[in-house]
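Colleague: Let me begin by handing over the structure; questions about it come next.
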Amino acid sequence: MSNKKPILAITMGDPAGIGPEIAVKAFSDSAVYNLCRPLLIGSAAIMSRIVKELNSRLKVNSINNVTEAGFQFGEIDVFNLEIHNPEDIKYGQISSTAGDIAFRSVVKAIELAKNGEVDGTVTNPINKKAINNAGHHFSGHTEIYAHYTNTPKYAMLLADEKLKVIHVSTHVSLRKACDLVQKERILDVVQILNEGLKKLGINSPRIGVAGLNPHAGDEGLFGDEEIKEIIPAVKEANERGFIVEGPIPPDTLYALAAGGKFDGCVAMYHDQGHIPFKLMGFVWDDDIGKMKSVKGVNITLGLPIIRTSVDHGTAFEIAGKGIASPEALLYAINYAVKLYNN
Numbered sequence: 010m011s012n013k014k015p016i017l018a019i020t021m022g023d024p025a026g027i028g029p030e031i032a033v034k035a036f037s038d039s040a041v042y043n044l045c046r047p048l049l050i051g052s053a054a055i056m057s058r059i060v061k062e063l064n065s066r067l068k069v070n071s072i073n074n075v076t077e078a079g080f081q082f083g084e085i086d087v088f089n090l091e092i093h094n095p096e097d098i099k100y101g102q103i104s105s106t107a108g109d110i111a112f113r114s115v116v117k118a119i120e121l122a123k124n125g126e127v128d129g130t131v132t133n134p135i136n137k138k139a140i141n142n143a144g145h146h147f148s149g150h151t152e153i154y155a156h157y158t159n160t161p162k163y164a165m166l167l168a169d170e171k172l173k174v175i176h177v178s179t180h181v182s183l184r185k186a187c188d189l190v191q192k193e194r195i196l197d198v199v200q201i202l203n204e205g206l207k208k209l210g211i212n213s214p215r216i217g218v219a220g221l222n223p224h225a226g227d228e229g230l231f232g233d234e235e236i237k238e239i240i241p242a243v244k245e246a247n248e249r250g251f252i253v254e255g256p257i258p259p260d261t262l263y264a265l266a267a268g269g270k271f272d273g274c275v276a277m278y279h280d281q282g283h284i285p286f287k288l289m290g291f292v293w294d295d296d297i298g299k300m301k302s303v304k305g306v307n308i309t310l311g312l313p314i315i316r317t318s319v320d321h322g323t324a325f326e327i328a329g330k331g332i333a334s335p336e337a338l339l340y341a342i343n344y345a346v347k348l349y350n351n
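Those letters in the sequence shown? Residues 10 to 351, per this note's numbering, in order.
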């Protein structure tokens, strides 16, 4: 375990959303500087505007090289990326200008990590349509990271204290997701999860694998993916020395994991993992008309670099109102440090 505080590249996210706001709020927390040396990747001009709108006392330090960062509490070091026509960016509106700066921030963070200039990366939310409108044709952060690190085998892990869920497939249609439930992919994901959980400090991970169909297929009554693909994958995973159980009916697996039976779960597709995870970590307060809690971290496992992220979107509906919570970003920073230390 390293005693050196890691340098973390934290991306600005889409400036039409809440990313810059929660970044300012996170950089205003002295506890962050006790954990790491944070560096914001994005537009210094936009961050200066946000600081002013929030009446923050932070000073924006615009830099062009990591070596210029002071990492002093009270300042926000911004690795500055030039942006043309920032006035085109309006809160809550999709624009190619916002998508482009958000995308370039992610690519720069990856570049700095690959070059060893930073020790890990943390991402704020982007808008997928905005980055595609800007000409960058990716379906999300995970795919951007895989492309720019040349990583063929990777997976998305959602993590909080009680529940950790990895996915066999993510940003594809539900129809296609069923076709991607294949033995070799499941085995890869189990291995990636096992290694990831160890990096989070769990020495002998216990893994539960979800079925695809209701009742995990009920012995072939409701589909044969469990019989043909999932059961053989679980069997071989155990033969390889992993501690794996399944397929377990999806409506049961997550309750068992949250209660402590499993250290991690394998979901077969995006919403099968995201819905139970967010049900535990996202708390809506109808009296105040906003989320009271937004817990959860998105980690891309299998990469040669560290990447954690908030597990929420750009929240266009509240952007610019100054009410966004930095809770998820603070969690993401904590998890990046944990991965670095292990």
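Glycine is no exception: its CB is placed at the ideal position from the N, C-alpha and C atoms.
So within the stretch 16-44, which uninterrupted alpha helix (DSSP H) runs reach at least 4 residues, ignoring any that extend past its ends?
Modeller: Here the runs fully enclosed are 28-36 and 39-44.
Colleague: Determine the burial state of G83: buried for a count of at least 16 other Cβ atoms within 10 Å of its Cβ, exposed for fewer.
Modeller: Here residue 83 corresponds to residue number 74 of the sequence shown, with the count starting at 1. Exposed, because fewer than 16 other Cβ atoms sit within 10 Å of the Cβ of G83.
Colleague: Can you tell which of G269, I153 and K137 has its C-alpha closest to the C-alpha of T309?
Modeller: The sequence position of residue 309 within the sequence shown is 300, counting from 1. Nearest of G269, I153 and K137 to T309, Cα basis: I153.
Colleague: Just confirm the distance between the C-beta atoms of T130 and I342, as a whole number of angstroms; I'd bet it's less than 8 Å.
Modeller: Counted from its first residue, the sequence shown places residue 130 at position 121. Counted from its first residue, the sequence shown places residue 342 at position 333. Incorrect: roughly 11 Å between the Cβ atoms, too far for contact.
Colleague: What number of angstroms, rounded off, separates the C-alpha of S57 from the C-alpha of V69?
Modeller: The residue given as residue 57 occupies position 48 in the sequence shown. The residue given as residue 69 occupies position 60 in the sequence shown. For S57 and V69, the distance between alpha carbons rounds to 6 Å.
Colleague: Relative to the alpha-carbon of K91, which residue among I85, F112 and A78 has its alpha-carbon at the smallest distance?
Modeller: Along the sequence shown, read from residue 1 onward, the residue named residue 91 stands at position 82. Residue 91 is actually Glu in this sequence, not Lys. Of I85, F112 and A78, the residue nearest in Cα terms is F112.
Colleague: Could you say which of L189, I59 and V115 lies nearest to E238 if we only look at CA atoms?
Modeller: Taking the sequence shown and counting its residues from 1, one reaches residue 238 at position 229. Cα-wise, what sits closest to E238 is L189.
Colleague: In or out: G28 buried (at least 16 other Cβ within 10 Å) or exposed?
Modeller: Taking the first residue of the sequence shown as 1, we reach residue 28 at position 19. The residue in question, G28, is buried, as its Cβ has 16 or more Cβ neighbours within 10 Å.
Colleague: Would you give the residue range spanned by the beta strand (DSSP E) that K68 belongs to?
Modeller: Position 59 of the sequence shown holds residue 68. K68 -> beta strand (DSSP E) spans K68 to I72.
Colleague: I'd like to check one pair, I216 with G273: are the Cβ atoms closer than 9 Å?
Modeller: Taking the first residue of the sequence shown as 1, we reach residue 273 at position 264. Taking the first residue of the sequence shown as 1, we reach residue 216 at position 207. Yes, they are a contact pair.
Colleague: Of the residues Y278, L221 and P285, which one's Cα is nearest the Cα of Y263?
Modeller: In the sequence shown, counting from the first residue as 1, residue 263 sits at position 254. Minimum Cα distance to Y263 is reached at P285.
Colleague: What's the gap between the Cα of K13 and the Cα of A168?
Modeller: Numbered from its first residue, the sequence shown carries residue 13 at position 4. Numbered from its first residue, the sequence shown carries residue 168 at position 159. Going by the C-alpha atoms only, they are around 24 Å apart.
Colleague: Nearest to P24 by alpha carbon, out of S39, L166 and A53?
Modeller: Taking the first residue of the sequence shown as position 1, residue 24 is located at position 15. The shortest C-alpha separation from P24 is found at A53.
Colleague: Please classify T151: does DSSP put it in a helix, a strand, or coil?
Modeller: Numbered from its first residue, the sequence shown carries residue 151 at position 142. Looking at T151 - three-state DSSP - the assignment turns out to be helix.
Colleague: So, with DSSP's three-state summary, where would you put S114?
Modeller: Taking the first residue of the sequence shown as position 1, residue 114 is located at position 105. In the structure shown, S114 sits in a helix (DSSP, three-state: H, G or I).
Colleague: Check this for me: beta carbons of T132 and H150, under 9 Å apart or not?
Modeller: By 1-based counting over the sequence shown, the position of residue 132 is 123. By 1-based counting over the sequence shown, the position of residue 150 is 141. Against a cut-off of 9 Å, the Cβ pair of H150 and T132 comes out as a contact.
Colleague: For L206, which three-state DSSP category applies?
Modeller: The residue labelled residue 206 in the question sits at position 197 within the sequence shown. Reduced to three states, the DSSP call for L206 is helix.
Colleague: Thinking I85 and F36 are a contact (beta carbons under 8 Å), I'd like their distance in whole angstroms, please.
Modeller: Position 76 of the sequence shown, counting from 1, holds the residue named residue 85. Position 27 of the sequence shown, counting from 1, holds the residue named residue 36. Contact flag correct, Cβ pair sits at about 4 Å.
Colleague: Closest by CA to N351, which one among I211, T261 and V60?
Modeller: The count along the sequence shown starts at 1 and reaches residue 351 at position 342. The candidate whose alpha carbon is nearest that of N351 is I211.
Colleague: Leaving out five residues on either side along the sequence, give the residues of the same chain with a beta carbon under 7 Å from the beta carbon of I59.
Modeller: Here residue 59 is taken as the residue at index 50 of the sequence shown, counted from 1. Taken in chain order, the residues that qualify are P29, E30 and V33.
Colleague: If V218 and I257 are in contact, beta carbons under 8 Å, what's the gap, nearest whole angstrom?
Modeller: Numbered from its first residue, the sequence shown carries residue 218 at position 209. Numbered from its first residue, the sequence shown carries residue 257 at position 248. Yes, V218 and I257 are in contact; Cβ-Cβ is about 7 Å, under 8 Å.
Colleague: Under DSSP, the alpha helix (DSSP H) around I59 begins and ends at which residues?
Modeller: Stepping through the sequence shown from its first residue, residue 59 is reached at position 50. That run of the alpha helix (DSSP H) goes A53 to E62.
Colleague: Can you give the beta carbon distance from L209 to K117, rounded, assuming they're within the 8 Å contact cut?
Modeller: Reading the sequence shown from its first residue, position 200 is the one you call residue 209. Reading the sequence shown from its first residue, position 108 is the one you call residue 117. Not really, about 27 Å apart at Cβ, beyond 8 Å.
Colleague: Taking the alpha-carbon of L121 as reference, which of T76, A164 and S104 has the nearest alpha-carbon?
Modeller: In the sequence shown, the residue the question calls residue 121 occupies position 112. Closest by alpha carbon: T76.
Colleague: Quick one: grab the DSSP three-state call for P161.
Modeller: One-based indexing of the sequence shown puts residue 161 at position 152. Coil at P161, not helix or strand.
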